[in-house]
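Counting in our numbering, the sequence shown runs from 2 upward without gaps.
To keep things clear, I will list the structure first and then write my remarks on it.
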Amino acid sequence: MDFVLPELPYPQKALEPVISAKTVHHHYDKHHAGYLKKLDDALKGDERNKSLEHIIVDSHDKNPGVFNPAAQVWNHTFYWESMTPETSSLEDKALRDLIDTSFGSLDDFKTKFKDAALGQFGSGWAWLVFDQDKSALSVMKTLNAENPIPLGYVPLLTIDVWEHAYYLDYQQDRGKYVDGFLDKLINWQFAADNLNNTDWASRLKQMAG
Ligand code: FE
């Protein structure tokens with residue numbers, strides 16, 4: 002499989018004023034594209050025939066030269082999809098109920114998610130995931146390129162908290178960027194689709210098992 006940079010699901014200026022076109026340009030055209038180039042350079046022979054998720058699971062904790070660019074390509078694609086410039090509300094009943102039973106309320110989820118995003122020291126990601134063993138949602142943070150799939154979780158949403166995601170717009174004020182993401186940009190339909198796509202969830206479980 003030849004990996005290509007997936008098109009952004011919206012124009013580069015669409016996330017303004019929370020995330021500027023300049024930030025999206027650098028983030029997508031330089032960083033995301035750069036990880037894809039690194040992945041392409043790192044893959045050999047048969048590895049090219051696997052899906053990106055399979056490469057991530059197989060190289061996890063074994064081959065950082067492949068895992069890091071593979072996970073960063075996947076994480077960034079997932080990050081762009083986690084946001085939408087359209088107004089998006091939490092309408093999916095299954096997801097709404099799970100947020101209530103797992104966190105207490107939508108506001109409690111937001112507080113937890115912000116804590117994780119701010120608590121990730123240095124570069125990394127914060128995630129809303131489905132924990133299949135507990136049949137509950139959970140918030141987690143991961144360092145550098147780390148990804149929830151090989152850890153056995155189904156990712157529903159993510160925010161990139163590497164400095165390159167917000168520094169041009171907010172300098173060191175990561176909290177302002179996270180607030181904008183939580184209040185204006187979350188793509189709830191994407192999260193619901195990920196939760197309700199049982200095929201995808203069971204496929205991930207198999208690979209992680
Ligand atoms: Fe990034």
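Beta carbons are placed, not taken as given, at the ideal position from N, Cα and C, and that holds for glycine.
Limits of the unbroken alpha helix (DSSP H) element including residue i
i    : result
G105 : Note, G105: premise wrong, no alpha helix (DSSP H); not H, not E.
V25  : 22-25
D170 : 168-171
Q190 : 189-197
L9   : Note, L9: premise wrong, no alpha helix (DSSP H); not H, not E.
Beta-carbon proximity of residue i to residue j, cut-off 8 Å
i    : j    : result
L157 : F131 : yes
V179 : L119 : yes
N148 : A34  : no
H165 : H27  : yes
N69  : A193 : no
V74  : L53  : yes
K111 : L183 : yes
Y168 : K177 : no
Residue i, enclosing beta strand (DSSP E) - first and last residue
i    : result
V155 : 154-161
heavy atom of ligand 3 below 7 Å from residue i C-beta
i    : result
S103 : Judged by which ligands are present, ligand 3 is missing from the structure shown, whose ligands are ligand 1.
Chain-ordered list of residues that sit, by beta carbon, closer than 6 Å to a heavy atom of ligand 1: H28, H32, H77, D161, W163, H165, A166
In chain order, each beta strand (DSSP E) run of at least 3 residues that lies wholly inside the region 113-137: 125-132
Unbroken stretches of the alpha helix (DSSP H), 4 residues or longer, contained in the region 45-73: 53-60
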